Amino acid sequence: MALAVKLEYHAEEAPICFVGRLAAANGFPSLRKFLAHTETTASAIVRGEAAALSFVSEWSGVPADSLGALASEAGGAGMPWCLGRATFNKDMRSARLVRFCPDCVLDDQERGTGRVVSRAFYRAWWSVRGIEGCHIHDRKLTEVAMSVDGDPYDFSQFVTDNMEFIRAEALVAVPRSQPMLDRYLVDRVFGSSGASFLDGVEAHVAAEFSRYLGEFLVLHDVGDRLPAGTAPGERGFRVANEGENSIRNVIAEVIKREHPRTKYAGGLLGKMIRWLRRNISKDAYRPVVDLVQDILERNMPFGPGQTILKPVMSRHLYCVNSAHAEFGLHKERIRTLMAALPGFRSGFPDAQTYFDAVAARPILQAASVTFTGKEAGNALGLSNPRMWDLIDAGIIEVVEKRSDGTRAYARIRRATVNEIERKLANIVTTVETDESLISPGAAARLWRRPFHKVVAMIFAGALKAYLLVGDEPVFCRLRVRPDGLNLDVSPEAGGDEDWMRVKEVERALGTTTATVAELIARGYLRMRSLHRETGRTVKLVERQSVSEFETAHVSLSGIAKSRNGYRALIKADLEKLGVFPIFEPEGFIARFYRRSALAQVGFKV
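Letter 82 of the sequence shown, counting from 1, is numbered 82 in full-length UniProt numbering, and no numbers are missing.
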């Protein structure tokens, strides 16, 4: 049936309130009494059911499609609900609250047409509690709790019964605290949106995220200075509405300033972290969860095996602690290596000192293939003093060696340690027991010789050595005979006026057994073997060849000693002058230079 009095339908009007105005215009005392004479219900009209809207269209002459544009579709108890083109959460429903702008009501009464009782119309977006105020009159909406027997849908009846209250409210305008967010949410109801990050999530998620982001800004005192009383949601919205990069930048700025520990990431985000974790399994929140997860992954030293909101799949930053855990390097060593990286900031504790993982990884990987002196000593079974004795003697080659005045420090390649173990395995005899045998350390004390001399004799084959079966480090199992030294010092095995023992050559040239062996192999020194009656073979070197070599050549160590300089620096200086060793050594081999080549470039020795 068509009603006698028809009304203009406003594009912002909630359909159920339009029906209330129709009822009032046609003389019905209330919306309830009017609907009692029809075949539909208020709830059906609110939900926008097709049959209900068809009735309203028949009564009013307004197309059902127009009426349904602002239907309020509920998703069940506690579930999101839709109004127009926007989706809101359950906390944003007005329920039995009547929310309205008193200035809008008075304007309707003054400027509207028809009976006064049916002029004021209810804007559908007033029912969204997340929308705080009226963008037309720049004021907060008034909220009135409906009595138990009142009808929250009958706005015309409410206005008629409360005109004096409405006029009084209009005189006291309370300013809005989130004008931009309000306008954005109203636009979302009517389907107006763009391509920004917030436009890609549901309206209630945009509002919630804006609020939590705003609380983050207040917590860390960042962002634009806004008037006192500005709501957190407004602060957050102004940042988020500028796009994803704006959100990333403001959170990254706080992280860069504070360098929080990873375990305190939740405290950094404040209340936002609990909100995200509470909603992590809901599809509507996934874009925000993914964004915040990515921001934290890229700006804090999280790595695989850790969880922020979701498990971390890749690492973008290290801290000193995480680099230490992954590569096993000493923390001070890590700081030294990373100090040259662009943007490295010292002055923070280990857990708060960040650096770029991509730039750091190759440096840390290269450093991790070396041992510290202590680590190498543990691997070989040598105490720290014994280890340094072999390092200083040149038996163990180092890639880095320094002393800061309080402690010595060295780094040794793992390959060097492995090579020592291999060489010893090739020259020793394996035994089941060490009965009648002593350790190299005990032999050094017994023979009153430096420990490194005993070890050098073993490497040179001048001292027979034995290795106990077992899993302990090699030097813990290395043994010699107490009388083993006598085998190589008897008159029959010694040198004479034409021939020298290898150990004598070492002393004459100031170098190591390995270097002498290399010089022999390359033909710089002439050698012969003497077979003793005991069955042992002793190597002898021609004195003349030693004298000729010493006259024509000088070692890098000898140059450094004569010039009171560092070998590495001198080597670099010589290379710049075009002077190079007679051969490029490997392992524990010394470098030698031709004296004539040094003289040509004015390098005096």
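Even glycine gets a Cβ: it sits at the ideal position worked out from N, Cα and C. Values in this document were obtained by computation on a predicted structure and should not be read as measured data.
Local Cβ density within 10 Å of residue i, reported as buried at 16 or more and exposed below that
i      : result
Pro175 : exposed
Lys498 : In the sequence as presented, Lys is not what sits at residue 498; that position holds Asp. So Asp498 ends up on the exposed side.
Leu83  : buried
Phe588 : buried
Leu341 : exposed
Ser210 : buried
Phe18  : buried
Glu258 : exposed
Ala168 : exposed
Val601 : exposed
Ser57  : buried
Asn564 : exposed
Thr430 : exposed
Leu574 : buried
Glu332 : exposed
Val186 : buried
Ser147 : exposed
Pro482 : exposed
Contact check, residue i vs residue j, beta carbons under 9 Å
i           : j      : result
Thr142      : Pro102 : yes
Ser156      : Ala23  : yes
Ala95       : Pro152 : yes
Glu542      : Arg567 : no
Leu478      : Leu390 : no
Leu317      : Leu364 : no
Ile438      : Phe459 : no
residue 606 : Gly20  : Nothing about residue 606 can be reported from this structure: the residues present for the chain run from 1 to 605 only.
residue 674 : Tyr212 : No statement about residue 674 is possible, as the shown extent of the chain runs from 1 to 605 and does not include it.
Gly373      : Val399 : no
Val46       : Ala25  : no
residue 607 : Ser555 : For the chain, the structure presents residues 1 to 605; residue 607 sits outside this window and is missing.
Val234      : Ser177 : The residue asked about is misnamed: residue 234 is Glu in this sequence, not Val. Cβ distance < 9 Å, so Glu234 and Ser177 count as in contact.
Val320      : Thr370 : no
Ser326      : Gly347 : Note that residue 326 is Glu in the sequence shown, not Ser. No, Cβ-Cβ distance for Glu326 and Gly347 is not below 9 Å.
residue 609 : Gly223 : The structure shown has nothing for residue 609, since the chain only spans 1 to 605.
Residue from the options with nearest C-alpha to residue i
i           : options                           : result
Val254      : Val218, Arg235, Ala228 and Arg238 : Val218
residue 614 : Ala552, Gln352, Met338 and Val369 : In the structure as shown, the chain starts at 1 and stops at 605, and residue 614 therefore has no counterpart that could be examined.
Ser72       : Thr113, Ala51, Val128 and Phe55   : Val128
Gly112      : Ser192, Glu8 and Lys282           : Glu8
Lys140      : Ala86, His220, Tyr409 and Ala231  : Ala231
Leu519      : Met146, Leu198 and Glu548         : Glu548
Glu435      : Ala462, Ile427, Leu467 and Met180 : Leu467
Phe475      : Leu380, Pro304 and Gly461         : Leu380
Gly377      : Met300, Ile420, Ala207 and Ala25  : Ile420
Gly461      : Val5, Asp199, Arg261 and Leu540   : Leu540
Ala521      : Asp138, Phe583 and Gly470         : Phe583
Ala367      : Arg345, Ala415 and Phe348         : Ala415
Asp471      : Glu432, Glu504 and Glu332         : Glu432
Tyr184      : Val148, Ile247, His204 and Met146 : His204
Ala357      : Glu375, Pro349 and Ile334         : Ile334
Lys576      : Leu598, Lys561 and Met79          : Leu598
Ser529      : Thr515, Val502 and Ala552         : Val502
Arg119      : Pro311, Arg225, Ala393 and Met163 : Met163
residue 606 : Ala69, Trp126 and Ala86           : Only positions 1 to 605 of the chain appear in this structure, which leaves residue 606 out of reach.
Arg28       : Val117, Ala228, Val250 and Glu215 : The sequence as given places Phe at residue 28; Arg does not occur at that position. Closest option to Phe28, Cα to Cα, is Val117.
Lys453      : Ala560, Ile396 and Ala69          : Ile396
Leu3        : Val538, Ala173, Thr41 and Phe55   : Phe55
Val605      : Glu297, Gly61 and Glu550          : Glu550
Glu297      : Trp275, Arg261 and Arg274         : Arg261
Nearest-angstrom Cβ-Cβ length linking residue i and residue j, presumed shorter than 8 Å
i      : j      : result
Glu132 : Asp182 : 6 Å
Val292 : Leu309 : 7 Å
Asp108 : Phe121 : 6 Å
Val480 : Pro440 : 6 Å
Ala351 : Met300 : With 8 Å as the limit, Ala351 and Met300 do not qualify as a contact, their Cβ atoms being about 10 Å apart.
His553 : Phe592 : 5 Å
Segments assigned beta strand (DSSP E), at least 3 residues, entirely inside the stretch 397 to 460: 400 to 403, 408 to 413 and 429 to 431
Contained alpha helix (DSSP H) runs [length at least 4] in the stretch 239 to 323, N- to C-terminal order: Runs of the alpha helix (DSSP H) inside the stretch 239 to 323: 244 to 258, 265 to 269, 271 to 278 and 286 to 299.
Whole runs of the alpha helix (DSSP H) within the UniProt domain "TniQ" (6 to 141), excluding any shorter than 4 residues: 15 to 25, 31 to 35, 42 to 47, 50 to 60, 64 to 68 and 102 to 111
Ordered list of alpha helix (DSSP H) runs contained in the stretch 130 to 211, each at least 4 residues: 155 to 161, 163 to 171 and 179 to 189
Sequence ranges, beta strand (DSSP E) only - wholly within the stretch 508 to 533, length at least 3: Taking 3 residues as the shortest admissible run, the stretch 508 to 533 contains the following complete beta strand (DSSP E) segments, listed from N- to C-terminal end: 527 to 531.
Runs of alpha helix (DSSP H) lying entirely within the stretch 338 to 383, each at least 4 residues, in chain order: 357 to 368 and 373 to 380
Length at least 4, wholly inside the stretch 545 to 605: the alpha helix (DSSP H) runs in chain order: Residue ranges of uninterrupted alpha helix (DSSP H) with 4 or more members, entirely inside the stretch 545 to 605 and ordered along the chain, are 556 to 563, 567 to 576 and 595 to 600.
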